[in-house]
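Below is one structure, written out as structure tokens; comments come after it.
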Amino acid sequence: MAKVRVVYRCTECGAATPKWAGRCGACEAWNSLVEDVDLPEAAAGHHLGPSAPAMPIGKVDATFSRPHSTGIPEFDRVLGGGLVPGSVTLLGGEPGIGKSTLLLQLLAQWPERTLYVSAEESAQQVRLRAERLDAVRPELWLLPETSLPHIIAAIDDVQPQLVVVDSIQSIADPELASAPGSVVQVRGCAHRLVGEAKRRDLPIVMVGHVTKEGNLAGPRVLEHVVDTVLSFEGDRHHSLRLLRAAKHRFGSTNELGVFEMVGEGLMGVPDASKLFLTDRRTGIAGSAITPTLEGQRPLLVEVQALTNKITSGVPPRRSAQGLDHGRLALLLAVLERRSRLPMAEHEVFASAVGGVRLTEPGADLPLCLALVSALLNRPIPPDLVVFGEVGLGGELRQVAHAPRRLAEAARMGFTRAIVPANSPNGVDGISLTRVSTVNEALVAAGLSGRP
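Here the sequence shown is numbered in our numbering, starting from 527 and rising by one per residue.
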């Protein structure tokens, strides 16, 4: 076996050095050296499989890559139908959010033989969780192992139709002279598993750790080499969990899966709007309902705001949860300048209720109305929904799929909507108030005047 030599390679120019330094000696870039391995030429192609012959694209069998259902509707929604044979999926999320629980339920629902590689927990711990989830199945095989060659040998022995590796940062290849979780190990193990998945036409799901900033830990190549990158989000102190796709080679990345953590595990939430509005309190200032769109799925979300007048000379606080901080600052400036409201004299706290992250421009107008409602201490009518993009001049612009948003609002019992003036026609059961500016929207919602 060829000996592997550890080097430090510059991410800017590719130069290698035997020792780490704060500055690359070749291109003089700072903090660009990362750990890498220098394989001899004889070992460079050791794990390469046989080359595939070229063929006309019309002769490629497109039916082979059709997804197979996971048995979990919310999971299938995000994946566009299920897992594709030979695909590699990376699932990331904060510790304790429920990644292992979700994947153990996935293995229990899979109709064929599966293999769960537990590199972080013992077999007894996984068995206890499986009993709680009612996931003890004869076709579910368990392997507590951290060595990559042993994992591949177990795949050869068990011959599963689905493999889950929990997690990629905890397994190691003895051929790579580096510690588990290092850049070298994560990259090398990921490449090896991707090669095995393609060679065997075997779907593999890998769990990935995240940093304190919420990004996937390890080298950036980890996200490039896999087919799908999923993000499992939510507050561990609340029951709501959201599954999103940051990358998906077989479909859209705009879909959203909604789960609720219960005693029996993660349960899909087919009617997410009802869940988001269950604890809504009507008749209070600073609350606005907006129909947002996640992929093809309309959701009704409550946007809340709270303002507090500053009594000292300290700068006002600006806090946003589930909303973009930069967008909040922009809308406050628009209200200050275009609507002549004293937003600079108040601390502002804004939130999207339920753990939802609102990033689309359609949430601009409901956030503005919630802010003014809190400032004036006047509640917005409870049967009213709002959506629209706000420009720097205070003008309103239409957003996509307005009829679908309005249909979801009508289904949930709302009867009125404030929309941009050039929005398409509405749906039965809900009356539209078309406005061109933020000031017109404030008048339509009964929020005109001074505090």
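In this text, a Cβ means the ideal position worked out from N, Cα and C, and glycines have one as well.
Give me whichever residues DSSP pairs with residue i in a beta bridge.
i, result
"residue 562", "533"
"residue 822", "Answer is none; residue 822 lacks a bridge partner."
"residue 915", "923"
"residue 773", "755"
"residue 765", "For residue 765, which the question treats as bridged, DSSP gives no partner whatsoever."
"residue 556", "549"
"residue 957", "942"
"residue 730", "614, 689"
"residue 760", "767"
"residue 779", "Partner(s): none; residue 779 has no beta bridge."
"residue 829", "814, 878"
Nearest-angstrom Cα distance between residue i and residue j?
i, j, result
"residue 954", "residue 935", "11 Å"
"residue 746", "residue 856", "32 Å"
"residue 859", "residue 918", "9 Å"
"residue 617", "residue 693", "9 Å"
"residue 948", "residue 730", "47 Å"
"residue 538", "residue 554", "9 Å"
"residue 927", "residue 886", "12 Å"
"residue 814", "residue 958", "16 Å"
"residue 915", "residue 828", "17 Å"
"residue 965", "residue 819", "25 Å"
"residue 624", "residue 937", "31 Å"
"residue 704", "residue 562", "9 Å"
"residue 904", "residue 897", "10 Å"
"residue 994", "residue 975", "No statement about residue 994 is possible, as the shown extent of the chain runs from 527 to 977 and does not include it."
"residue 614", "residue 945", "42 Å"
Put residue i into one of helix, strand or coil per three-state DSSP.
i, result
"residue 699", "coil"
"residue 592", "coil"
"residue 724", "helix"
"residue 675", "helix"
"residue 817", "strand"
"residue 873", "strand"
"residue 799", "helix"
"residue 930", "helix"
"residue 888", "helix"
"residue 810", "coil"
"residue 692", "strand"
"residue 846", "strand"
"residue 540", "coil"
"residue 680", "helix"
"residue 881", "coil"
"residue 834", "strand"
"residue 786", "strand"
"residue 794", "strand"
"residue 662", "coil"
"residue 840", "coil"
"residue 968", "helix"
"residue 910", "strand"
"residue 895", "helix"
"residue 855", "helix"
"residue 657", "helix"
"residue 867", "coil"
"residue 669", "strand"
"residue 742", "strand"
By a C-beta neighbour count over all protein chains shown, 10 Å radius and 16 as the cutoff for buried, is residue i buried or exposed?
i, result
"residue 581", "exposed"
"residue 583", "exposed"
"residue 602", "buried"
"residue 733", "buried"
"residue 775", "exposed"
"residue 654", "exposed"
"residue 1024", "Nothing in the structure corresponds to residue 1024, since the chain is present only between 527 and 977."
"residue 679", "exposed"
"residue 619", "buried"
"residue 592", "exposed"
"residue 587", "exposed"
"residue 546", "exposed"
"residue 737", "exposed"
"residue 638", "exposed"
"residue 657", "exposed"
To test your reading of the DSSP string, which unbroken beta strand (DSSP E) runs of 3 or more residues are found completely within the stretch 575-650? 614-619, 640-644
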